[in-house]
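Heads up: the structure comes next, in C-alpha cells.
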Amino acid sequence: MRNFNYILILFILLTGSVYNAKAQDVQAEAKLDRTAIKIGEQTQLHLVARFHVKDKVEFPALADSIGSKVLIVGSKIDTIFDKDDVSIQTIRHNYTITSFDSGQYAIPAYAFHTTGGDVKTQPLTLQVATVAVDTTKAAYDIKQPLAISYTFWDWLRDNWVWVVGALAVILIIGGIIYYLRTRPKKVEVVEPPKPVIPAYVTALQKLAELRDKKLWQQEQTKQYHTELTDVIRDYLESRYAIQAQEQTSDEIFASLRYMDISEENRNLLRQMLILADLVKFAKEKPLPHENEQSLDNAVAFVNNTKQVVQTPVIKGEDKK
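Here it is as C-alpha cells:
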C-alpha cells in the first residue's frame, strides 16, 4: 500500500511538471506602441502569443472598449512562423485604440488559456493628455474651403488615358474609312460569251478528220466504223435530243420515228448504222467502196439535216 502511494505521488508530480512545462512553453505579452497620446489620437495595443503549432492557445476576447474611456476602433491579426523553427508560431492581435477624455487609464492583465493553464500578460498604463489651448488669443471663425483653380491641363492630366484611347479609336475608324474609299476597286472582267458551235459543224469537222486518218485502208475497219458511228450518235443527240450513245441502232430509229426526217435521209442513216453493226458484231469485212460510202452517207445526212441558226438582224443594217 505504501509503494502504491509513492507511485501515485510520483505520477502527480510528473503530470504537474508536464503541465507547467507546457504552460512555460507558451509566451504571452501585451504592449503599447505609445503609452502617451493626446485626446483623439490613436495607438496600437498588441496581444502577442508565441507557442508550438500543436498547442492550443485561446486569446482573450476584447469588446469594443477597454473600460469606459478607452475605445477600440479597429483590429487585425498577424501570424508569423519562426525562421529557425517553423513549428514555432507567433500570433499577434493588433487593436487600434483611442480616447476622448484626458487622464490615466489602466490596461488590465489579459489571460491566455492553454492546455497547461493560463498565461497572463503584464498590466499597462495609457496616458491621455489634453490639447493645450492659448486662451490669450481671440477665437476665430471656421475657415471656408479654399477655392482651387482646375484648368483644362489639370483635367487632361487626370483623364489622359481616356483621351488617348478616344483618339486611338478615332484614328482607327478614320484609317478604315480612308482605306475603304481609296483602295483599288476590283474591275470585273466580263468575258465575251464563247460562240456556240453548231452541232453540224462539229460533226462535219470530225468526219473530215476521220477521213484523213485512213483507218480502213490500214486494216482498222472496226475502229473506223466505231468512230464513224460515234460522230453520228453525238450529232443525233445534239440535233434531235435523243440518247443516241446509249441506244442500239433499232432504238435510234424508233426514237427518230416522228422526227422531221425525209425517207432518203433515213436510208442514208440506216445504211451507215447497219453496216457498222455488221462490222462490230458479225465481223463483216466490207468492200472498199462500202467503207467510203458509209462516210459519204454520214456527211450527206449531216448536211441534209443540219439546223441553221438564224443570226438576228439589227435594225438599220438592212438599209446598208
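Quick note, the sequence shown lines up with residues -23 to -1, 1 to 297 if you use mature numbering (1 follows the signal peptide of the UniProt record, and there is no 0). Here a beta-carbon is modelled for each residue, glycine too, at the ideal position from N, C-alpha and C.
- Look at Ala86 here: in three-state DSSP terms it is coil, with no helix or strand label.
- Put simply, the backbone Cα of Arg69 is about 44 Å away from that of Trp137.
- For Lys190, the uninterrupted alpha helix (DSSP H) run begins and ends at Ala176 to Lys190, by DSSP.
- Ranked by how close their Cα comes to the Cα of Ile49, the residues Asp62, Gln222 and His23 have His23 in first place.
- Sequence-distant Cβ neighbours of Ala176 in its own chain, meaning closer than 6 Å and more than five residues away, are Tyr212, Ser215 and Arg216.
- Here the alpha carbons of Leu250 and Thr203 stand approximately 10 Å from one another.
- Annotation: the continuous beta strand (DSSP E) that includes Ile74 extends over Ile65 to Ser76.
- Scanning Lys190, Val3, Leu148 and Thr282 for the CA closest to the CA of Thr92 turns up Val3.
- As computed with DSSP, Ser42 is found in a beta bridge with Leu48.
- Residues of the same chain with a CB within less than 6 Å of the CB of Ala253, apart from the 5 flanking positions on each side, are His202 and Thr206 in chain order.
- A direct Cα-Cα distance of roughly 16 Å separates Ala145 from Leu133.
- DSSP, read as helix, strand or coil, puts Val105 in strand.
- In this structure, Asn281 is the residue among Val178, Ser271, Asn281 and Gln104 with its C-alpha nearest to the C-alpha of Ile238.
- At the C-beta level, Val105 and Ala7 stay beyond 9 Å of one another.
- The bridge partners DSSP lists for Ala277 come to none.
- For Thr159, the three-state secondary structure derived from DSSP is helix.
- The continuous alpha helix (DSSP H) containing Glu240 extends over residues Glu240 to Ala259.
- Less than 9 Å divides the Cβ of Ile209 from the Cβ of Val279.
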